[in-house]
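Undergrad: This is the structure I have questions about; it appears just below.
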Amino acid sequence: MDFPSKLLENAVNEVSQLPGIGKRTALRLVLHLLRQPLEQTTALTTALDLLRNDIKYCKSCHAISDTNLCEICDNVSRDHSTICVVEDVRDVMALENTQLYKGIYHVLGGKISPMDGIGPSQLNIQSLIEKIKNGSVVEIIFALSSTMEGDTTNFYIYRQIKDHNVITSTIARGIAVGDELQYADEVTLGRSLMHRVPFETSLKI
């Protein structure tokens, strides 16, 4: 692709590095931004700059937050004895949209995937185990996507905590095997959460 401007080419190259964005789509987006009022483009770059420099991760659940403790963990009306284990913040958002879950979350930041070089030490697993050891947790809900990596991660955590006095459950398989949690519709996701099953039972399926 030949560009009439090096500045245009640089912008397209940067935008095309975003997931799912090819060079042609990147060019269309960059040209669109050029046609917008300067203040609109400035607002976008300012928002991205603030996001990159000022974003925080909740010191309790590791979700993205504006403060050191996210709104969910800081909410005394939530059930802090029930923890829903998810992969990333998109899953938190999906579950919150069901308006059915009243516990708190723990964001792992990924799934165990030896093929991708991701092991337990690279995820937020140890801090979850420490919470359980403190004795205030009654139930752990595994809500990772039903993929090989998700099931492997669930089982690894289960092995670490099974000797502690805590209930382990997993969301019902209303979510199709291999599906990502974040793409499930709210009704299906809500039903899967409400009809969760003991994790030990899921191991026998």
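The sequence shown: position 111 = 106 (my numbering), numbered continuously.
Backbone N, C-alpha and C fix where the C-beta goes; we use that ideal spot for every residue, glycine too.
Quantities reported herein were computed from a predicted structural model and do not represent experimental measurements.
Thinking just about the alpha-carbon of each residue, which of LEU39, ALA38, CYS65 is nearest to the one in PRO50?
TA: Along the sequence shown, one-based indexing puts residue 50 at 55. It is worth fixing the name first, because residue 50 is Ile in this sequence and not Pro. Ranking LEU39, ALA38, CYS65 by Cα distance to ILE50 puts CYS65 first.
Undergrad: How would you call VAL71, buried or exposed, if buried means at least 16 neighbouring beta carbons within 10 angstroms?
TA: Here residue 71 refers to the residue found at position 76 when the sequence shown is read from its first residue. VAL71 is exposed by the Cβ-count criterion.
Undergrad: My parser needs the beta strand (DSSP E) runs of 3 or more residues fully inside the segment 68 to 133; what are they?
TA: As far as the segment 68 to 133 is concerned, its whole beta strand (DSSP E) runs of at least 3 residues are 74 to 81, 98 to 102.
Undergrad: So what does DSSP say about LYS1, is it helix, strand or coil?
TA: As a position in the sequence shown, residue 1 is number 6, starting the count at 1. Helix, per DSSP.
Undergrad: Who are TYR52's beta bridge partners in DSSP?
TA: Position 57 of the sequence shown, counting from 1, holds the residue named residue 52. Its beta-bridge partners are ILE59.
Undergrad: So, helix, strand or coil for THR142, using DSSP?
TA: For the purposes of this step, residue 142 is taken as the residue at position 147 of the sequence shown. Coil, per DSSP.
Undergrad: Would you list the one or two residues that DSSP bridges to PHE194?
TA: Here the question's residue 194 lines up with position 199 in the sequence shown. Note: PHE194 sits in no beta bridge, so no partner.
Undergrad: Can you give the beta carbon distance from VAL80 to LEU123, rounded, assuming they're within the 8 Å contact cut?
TA: Taking the sequence shown and counting its residues from 1, the one referred to as residue 80 is at position 85. Taking the sequence shown and counting its residues from 1, the one referred to as residue 123 is at position 128. With 8 Å as the limit, VAL80 and LEU123 qualify as a contact, their Cβ atoms being about 7 Å apart.
Undergrad: Find out if the Cβ-Cβ distance for the pair TYR96, ALA58 is shorter than 8 Å.
TA: Translated into positions along the sequence shown, residue 96 becomes position 101. Translated into positions along the sequence shown, residue 58 becomes position 63. No, Cβ-Cβ distance for TYR96 and ALA58 is not below 8 Å.
Undergrad: Hey, could you find the ends of the beta strand (DSSP E) ILE16 is sitting in?
TA: The count along the sequence shown starts at 1 and reaches residue 16 at position 21. No beta strand (DSSP E) holds ILE16; DSSP gives it neither H nor E.
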